[in-house]
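Engineer: Protein chains in written order, with the working numbering: chain A, 1 to 302; chain B, 1 to 284. Even for Gly, the Cβ is constructed at its ideal location relative to N, Cα and C. Small disclaimer: the values here were computed from a predicted structure and weren't measured. Questions regarding the structure given below will be posed in turn.
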């Protein structure tokens, strides 16, 4: 006890202890990253051994005979994510551009604030809203406008709700990117007689092109792993998508639906699905991060 | 740039402007629509018994959400207790001890990657780590899953906040002979405490409405959450999930909307409070 007290009083020694404590806490995040990956691989091993590479391309989902394939979940994830990006990216681009470049601060401050709030709404609220409001809306919309019998549940609805979720998120990053463009550059273009749109398109967008792409990557990462918002409206059947109006599933929705009751090889298959989801989102994140790091280095900030 | 007539350029400018305004209005309408729905469906559910009665099994009509409310508070508080100390210490490491090295850049990189990991995978991770080994769903496991989501967020925001403290403050403290750790706690952290608190609160706001990580960890129950460490623990979001999707009773769906309203209001007001009180803009 006495030696411990001495060590605590001795600032040199305690500083070292404190530093290593801090370093340990910081390293914990890297350990967690590694642990998540190792854990998923470990529990997915039985499924990997049983189904091998066929797991990725098989669309069978047969709990009776215990044969599982990931194709419906993977393709559903890719399809909903693609729909979400196609809708959300252009809209958030144009909204971010408008808010930063041409709107007056009186207008853009409250709208930016409201958009940030939209980003904070929990995903289960989007899910409920989707289930009770948006699904019937889509049903009526397609019935009355195009005469299509759409149940309202399916890839299209899931993709649109995902788009609503990632829109404010992408928009916030894009606003930051537009704000980084030096006003001297823009003023020079205005001085040469450019219109607002020409300045935004030819100057701001090209100046921030990589940052904008980074925003898209981060939005993509969100959309890939979103669970609750999609779960409520996707239909939850193991179908490979044939049309936008079909019912299906995504990786996250499959996990949420089946995991608590799963046993044996099904559980292991679900872990493998989780592993695939992790690899997909890590791939997107790593690409996006590397991209953003490169951009900020090029712009001369750390 | 291509040479084009002035008329074309001006009209293109107007068209784009009209488009932008249209989409801005659309985005604002969307927020209003969602919030209106939550209030419209949620308000009728609110009553005294809604806040004091526990949830009841299917078929029994009356009941509230008191146990779920308490459970969510317990689980979130647990997550805060687990994630805040290492988060802030890690932030101190990145900002005070190791600003720019291969190691610290790797830590920053992994924190950013962890922030992007889908939340359902954190639930899966904790399931495999805790629930599978102890053979028990528990509120504690839920706290752990939420803590894994919060930890990198707190790490990065506290680093940013500590870096805003001017170096002259640190130098003057060190010049007086103050040990490093005391300088950090009593000078650096104290002057950045508003920012640190904001970071923690925003992280709480982020996980407070999470459902996916709790599905396999805390599960849910109709009991009061007093067996936090050993039994499935009731919480608002999974209860909403159960009531909204699996229940045929309209009254249960109404109760789900009431719970959704509570969670929505709590998280949005936490966000508004952080943004206005500390004037801190979320940096990405």
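By how many angstroms is the C-alpha of residue 163 of chain B removed from the C-alpha of residue 171 of chain A?
Structural biologist: Spanning the two alpha carbons is a distance of roughly 26 Å.
Engineer: Whose C-alpha, out of A:252, A:255, A:236, is nearest the C-alpha of residue 246 of chain A?
Structural biologist: Minimum Cα distance to residue 246 of chain A is reached at A:236.
Engineer: Determine, using beta carbons only, whether residue 284 of chain B comes closer than 8 Å to chain A.
Structural biologist: Unreliable placement is indicated for residue 284 of chain B, whose pLDDT of 35 sits below 50; no coordinate value is reported for it.
Engineer: Is the separation between the beta-carbon of residue 242 of chain B and that of residue 138 of chain B shorter than 8 Å?
Structural biologist: No, these two residues do not count as a Cβ contact at 8 Å.
Engineer: Please classify residue 68 of chain A: does DSSP put it in a helix, a strand, or coil?
Structural biologist: Three-state DSSP puts residue 68 of chain A in a strand.
Engineer: For residue 276 of chain B, is the classification buried or exposed, using 16 other Cβ atoms within 10 angstroms of its Cβ as the cut-off for buried?
Structural biologist: Residue 276 of chain B comes out exposed.
Engineer: Which ranges would you report for the alpha helix (DSSP H) in the stretch 120-188 of chain B if only whole runs of at least 4 residues count?
Structural biologist: List check, alpha helix (DSSP H) in window: 139-163, 167-175, 180-183.
Engineer: Does the distance from the CB of residue 220 of chain A to the CB of residue 156 of chain A come in under 8 Å?
Structural biologist: Against a cut-off of 8 Å, the Cβ pair of residue 156 of chain A and residue 220 of chain A comes out as no contact.
Engineer: Quick check on residue 233 of chain B - is its C-beta less than 8 Å from some C-beta in chain A?
Structural biologist: It does not: the Cβ of residue 233 of chain B has no partner Cβ on chain A nearer than 8 Å.
Engineer: Residue 83 of chain A: buried (16+ other C-beta within 10 angstroms of its C-beta) or exposed?
Structural biologist: Buried is the call here.
Engineer: Show which residues of chain B have a CB atom less than 8 Å away from the CB atom of residue 286 of chain A.
Structural biologist: Under the 8 Å cutoff, chain B gives 113.
Engineer: Do residue 87 of chain B and residue 151 of chain B have their CB atoms nearer than 8 Å?
Structural biologist: In contact: residue 87 of chain B and residue 151 of chain B (Cβ atoms closer than 8 Å).
Engineer: Going by DSSP, what residues sit across from residue 248 of chain A in a beta bridge?
Structural biologist: Note: residue 248 of chain A sits in a beta bridge opposite A:235.
Engineer: For residue 179 of chain A, tell me which candidate among A:208, A:95, A:144 has the shortest Cα-Cα distance.
Structural biologist: Considering only alpha carbons, the answer is A:208.
Engineer: When you compare each of B:205, B:72, B:39, B:212 to residue 270 of chain B by their alpha carbons, which one comes out closest?
Structural biologist: When each option's Cα is compared against that of residue 270 of chain B, the closest is B:205.
Engineer: Taking the continuous alpha helix (DSSP H) assigned at residue 250 of chain B, which residues delimit it?
Structural biologist: Taken as a continuous stretch (DSSP letters only), the alpha helix (DSSP H) holding residue 250 of chain B covers 250-277.
Engineer: Of the residues that make up the stretch 6-25 of chain B, which ones have a beta carbon closer than 8 Å to any beta carbon in chain A?
Structural biologist: The stretch 6-25 of chain B vs chain A, Cβ under 8 Å: 9, 10, 12, 13, 16, 17, 19, 20, 21, 23, 24.
Engineer: Secondary structure at residue 224 of chain B, three-state DSSP: helix, strand or coil?
Structural biologist: Coil at residue 224 of chain B, not helix or strand.
Engineer: Candidates B:248, B:158, B:175: which alpha carbon is nearest residue 26 of chain A's?
Structural biologist: Checked all of B:248, B:158, B:175; the closest Cα to residue 26 of chain A is B:158.
Engineer: State buried or exposed for residue 126 of chain A, treating a residue as buried only when at least 16 other CB atoms are found within 10 Å of its CB.
Structural biologist: The residue in question, residue 126 of chain A, is buried, as its Cβ has 16 or more Cβ neighbours within 10 Å.
Engineer: So, is the C-beta of residue 263 of chain B closer than 8 Å to a C-beta in chain A?
Structural biologist: For residue 263 of chain B, the answer is yes, since a Cβ of chain A falls inside 8 Å of its Cβ.
Engineer: Report buried or exposed for residue 49 of chain A, applying the criterion of at least 16 other Cβ atoms within 10 angstroms of its Cβ.
Structural biologist: Exposed.
Engineer: Measuring CB to CB, does residue 153 of chain A end up less than 8 Å from residue 87 of chain A?
Structural biologist: No. Outside cutoff.
Engineer: Give the single residue among A:21, A:52, A:80 whose Cα lies nearest to the Cα of residue 251 of chain A.
Structural biologist: Here the closest residue by C-alpha is A:80.
Engineer: In the DSSP assignment, what are the bridge partners of residue 61 of chain A?
Structural biologist: DSSP output for residue 61 of chain A lists A:68 as bridge partner(s).
Engineer: Got a sec: is the Cβ-Cβ distance from residue 283 of chain A to anything in chain B below 8 Å?
Structural biologist: Not an interface residue.
Engineer: Mark residue 52 of chain A as exposed unless 16 or more other C-beta atoms lie within 10 angstroms of its C-beta, in which case mark it buried.
Structural biologist: Burial call: exposed.
Engineer: Let me know if residue 166 of chain B comes out buried or exposed under the rule of 16 or more other beta-carbons within 10 Å of its beta-carbon.
Structural biologist: Looking at its Cβ environment, which holds fewer than 16 other Cβ atoms inside 10 Å, residue 166 of chain B is exposed.
Engineer: Between the stretch 75-98 of chain B and chain A, which residues of the former have CB atoms less than 9 Å from a CB of the latter, in chain order?
Structural biologist: Listed in sequence order: 85, 86, 87, 88, 89, 90, 91, 92, 93, 94, 96, 97, 98.
Engineer: Flag residue 196 of chain B as yes if its beta-carbon sits less than 8 Å from any beta-carbon of chain A, otherwise no.
Structural biologist: No, residue 196 of chain B does not count as interfacial toward chain A.
Engineer: Give the interface partners of residue 203 of chain B over in chain A, defined as CB-CB distance under 8 Å, in chain order.
Structural biologist: Result: empty, since nearest Cβ-Cβ is about 12 Å, beyond 8 Å.
Engineer: Quick one: is residue 212 of chain B near chain A, going by C-beta distance under 8 Å?
Structural biologist: For residue 212 of chain B, the answer is yes, since a Cβ of chain A falls inside 8 Å of its Cβ.
Engineer: Terminal residues of the continuous alpha helix (DSSP H) containing residue 206 of chain B?
Structural biologist: Looking at the DSSP string, the run of the alpha helix (DSSP H) that includes residue 206 of chain B is 193-208.
Engineer: Reducing DSSP to helix, strand and coil, say where residue 65 of chain B ends up.
Structural biologist: In this structure, residue 65 of chain B counts as coil in the three-state DSSP scheme.
Engineer: Using the rule of at least 16 other Cβ atoms within 10 Å of the residue's Cβ for burial, across every protein chain shown, is residue 54 of chain B buried or exposed?
Structural biologist: That one is buried.
Engineer: With a CB to CB cut of under 6 Å and the five nearest residues on each side skipped, what residues in its chain are close to residue 182 of chain B?
Structural biologist: Correct list: empty, nothing qualifies.
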